[in-house]
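To keep things clear, I will list the structure first and then write my remarks on it.
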Amino acid sequence: MQQDRISPSLVAAIVATGLMSFSGVVSETAMNVTFPTLMRELGIGTSTVQWLTTGYLLALALVVPLSSFLKRRHTLKALFLVANLLFLGATVLCALAPHFSVLLAGRLIQGAATGIALPLMFNIILGQAPASRLGLLMGVGSLITAMAPAVGPVLGGVIVDSYGWRVIFWMLVPVLLLSLGLGVKTVRQPASGSVAQGTQQTASHHEGNEAASAAENGAFSVADYALLVVGFSAFIFATEQAASHGWMSSVVGGLFGLSALSLAQFCRRSARSETPLIRLEVFGREAFVFSLAFILLIQFCVLSLGYLIPNYSQLVDGQSARVAGMLLLPGCVVGALMAPFAGRLLDRLGAPRPVLGGTVVIIVSLALFAVYGLQLTTVLFMGFYTLYATGQGLAVGNMMTDGLRQLPADLSADGNAVLNTLQQLSGAVGTSVAASIVAGTQAHYPQSLAEGTRHGSQYAFVLLLVLAVLALLSAWRAFSAVRARSA
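The sequence shown begins at 934 in the numbering used here and counts up by one.
Okay, here's the thing in structure tokens:
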């Protein structure tokens, strides 16, 4: 029973790293509310101010793939200190920024710091959690980060109206200092391997030992990383341009083509390399691949809803930006509080019941959005989204946990890097697709922006419903693969 005990220092380390991820997501979601104010104060246009979010996401997406390599070459405490101090310095820089270029530089550094911090928390949990408490601790980690989307828009709306946008950054400073104080004392290396991986670690210890040893001693490949930079940059630029140029435009098609070529070349080089940045063997595990597909589909849905709901509320229902920002708050709080409870269910019942049950709840909520899409009110938005967030809280964290523990211990960090990287890209596509559907429908209603938004949002809700059904099928395939492997 002693090995099942959760040490206070482990909980503190999870909280310390989780607070950095929390700060990153809060800054991202709060910034969206500040755009009109920043445009007035700094004298910039819409296409320019959006780089505060686009640049942040790009920096994050370019650093997360390095997490596996960094974990093999540096201690967890060193990574924690670098991420925290970078984030802290960048936050102060943003708060004091005299003009846009300095503010953008601070946001880019914040994105890079979040790219280190985001996988770090889950690497600590996977590396040090007792196997019987893995679900609970993954739930605690998810609780910390899941609260951020609830806090960000509300914080941004209230603070910008009352105190000015700089206070958003100043309010993050004590959070980061608390994280630093906790992490300096508690973030440490695991004793050996991954306790949480259990039999998977034992079964594949010899299989991955030589590869892991080679990876630890390998040099950093500038060429491989350059291919990742080009691939991810082109992908994010393509999704950003799609809303204005259209998905079938030559600009968007060219960027997607460049992204595909760069990433394909990266995969070819990685397959031949003894010391790849990311070990692509993770894609040879069927259960992990279908778990990943599930998470990406749900990430697409949640980011799309984050765009559709406030947009509909303001343009169709005539609500203020502050009210629109608060529509997601009840659901985010419920979903976040659900995460530790869902983790306990995983520890006691296994992953299939909470994941499949939660996904059914998601499907029901999206069906309600689609059916009532032309007559949604503030009350309906809050109710339907709270139902959606309940299902997400039950399903997503547990699917992430179950998918990662299907990997052998030496591939855990690589799987974590792949998952976190592709989540960012899936979210970017989700927002762009939702915006494109709404914008395209608005063009067919030139006399009424509200009617165009109403019908476009309903079309988008139907698409999300279809994707949620595909997510349910992906989850079923993932669990079937686990059963087949165990048989």
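Where is the CB? At the ideal position from N, CA and C, for every residue including glycine.
For residue i, is the classification buried or exposed, using 16 other Cβ atoms within 10 angstroms of its Cβ as the cut-off for buried?
| i | result |
| --- | --- |
| Ala1129 | Confidence at Ala1129 is low in this model, with a pLDDT of 48, below 50, so the placement of that residue is unreliable and no value is reported for it. |
| Pro941 | exposed |
| Ser1203 | buried |
| Arg1281 | exposed |
| Glu974 | exposed |
| Thr1310 | exposed |
| Arg1387 | buried |
| Met964 | buried |
| Leu1261 | buried |
| Leu1400 | buried |
| Ala1175 | buried |
| Glu1207 | exposed |
| Gly1068 | buried |
| Val1312 | exposed |
| Gln1380 | exposed |
| Ala1411 | buried |
Under a three-way DSSP split, which group does residue i fall into?
| i | result |
| --- | --- |
| Thr1047 | helix |
| Phe1153 | coil |
| Arg1410 | helix |
| Val1249 | coil |
| Tyr1240 | helix |
| Thr981 | helix |
| Pro1052 | helix |
| His1032 | coil |
| Arg938 | coil |
| Pro1341 | coil |
| His1178 | helix |
| Ala949 | helix |
| Ile1228 | helix |
| Ala1023 | helix |
| Ala1148 | Bear in mind that a pLDDT of 47 at Ala1148, under 50, signals an unreliable position, so the model cannot answer this. |
| Gln1380 | coil |
| Leu1210 | coil |
| His1007 | coil |
| Pro1273 | helix |
| Gln1122 | coil |
| Ala1159 | helix |
| Gln1308 | coil |
| Pro969 | helix |
| Ala1129 | Per-residue confidence for Ala1129 stands at a pLDDT of 48, beneath the threshold of 50, marking its modelled position as unreliable; the derived number appears in the next sentence. If DSSP states are grouped into helix, strand and coil, Ala1129 belongs with the helices. |
| Tyr1422 | Coverage of the chain is limited to positions 934 through 1420, which leaves residue 1422 absent and any answer about it impossible. |
| Pro1063 | coil |
| Gly1039 | helix |
| Gly976 | coil |
For residue i, which option in the options has the closest C-alpha, if you only look at C-alpha atoms?
| i | options | result |
| --- | --- | --- |
| Gly976 | Gly957, Phe1033, Thr1008 | Phe1033 |
| Ala949 | Pro1273, Asp1343, Arg1410, Leu1115 | Leu1115 |
| Ser1095 | Ala1346, Gly1276, Arg1255, Val1362 | Arg1255 |
| Ala1414 | Leu1067, Arg1218, Gly1373 | Arg1218 |
| Asn1349 | Gly1360, Lys1010, Leu1337, Gln1357 | Leu1337 |
| Thr1119 | Arg1006, Phe1216, Leu1014, Gly1179 | Leu1014 |
| His1178 | Ile1370, Phe1394, Glu1384 | Ile1370 |
| Ser1001 | Val1185, Ala1011, Ala1038, Asn1056 | Asn1056 |
| Gln1356 | Arg1121, Ala1023, Phe1165 | Phe1165 |
| Ala1368 | Leu1301, Arg1418, Leu1396 | Leu1396 |
| Leu1105 | Val1163, Ile1231, Ser954, Gly1068 | Ser954 |
| Ala1016 | Val1304, Leu1109, Phe1274 | Leu1109 |
| Ala1372 | Ala1361, Ala1393, Ile1295 | Ala1393 |
| Ala1361 | Leu1299, Arg1121, Ile1231 | Ile1231 |
| Gln1391 | Leu1241, Val966, Arg1277 | Leu1241 |
| Leu1160 | Leu1026, Phe1199, Gly1316 | Phe1199 |
| Ala1383 | Leu1344, Leu1398, Gly1306 | Gly1306 |
| Gly1048 | Pro998, Ala1030, Leu985, Ala1342 | Pro998 |
| Trp984 | Ala1062, Val958, Ala1038 | Ala1038 |
| Asn1244 | Trp1103, Gly1389, Met972 | Gly1389 |
Starting from residue i, follow the alpha helix (DSSP H) in both directions and report where the run begins and ends.
| i | result |
| --- | --- |
| Phe1216 | Segment: none, Phe1216 is in no alpha helix (DSSP H) and carries neither H nor E. |
| Gln1198 | 1183 to 1205 |
| Val997 | Where Val997 is concerned, there is no enclosing alpha helix (DSSP H), given that its DSSP letter is neither H nor E. |
| Leu1115 | 1099 to 1119 |
| Tyr1428 | The structure shown does not extend to residue 1428, since the chain spans only 934 to 1420, so no value can be given for it. |
| Leu1261 | Element bounds for Leu1261: n/a, residue is neither H nor E. |
| Gln1356 | 1345 to 1375 |
| Ala1300 | 1285 to 1304 |
If you measure from the CB of residue i, is any heavy atom of the ligand COA nearer than 7 Å?
| i | result |
| --- | --- |
| Gly1186 | No copy of the ligand COA appears in this structure; indeed no ligand is present at all. |
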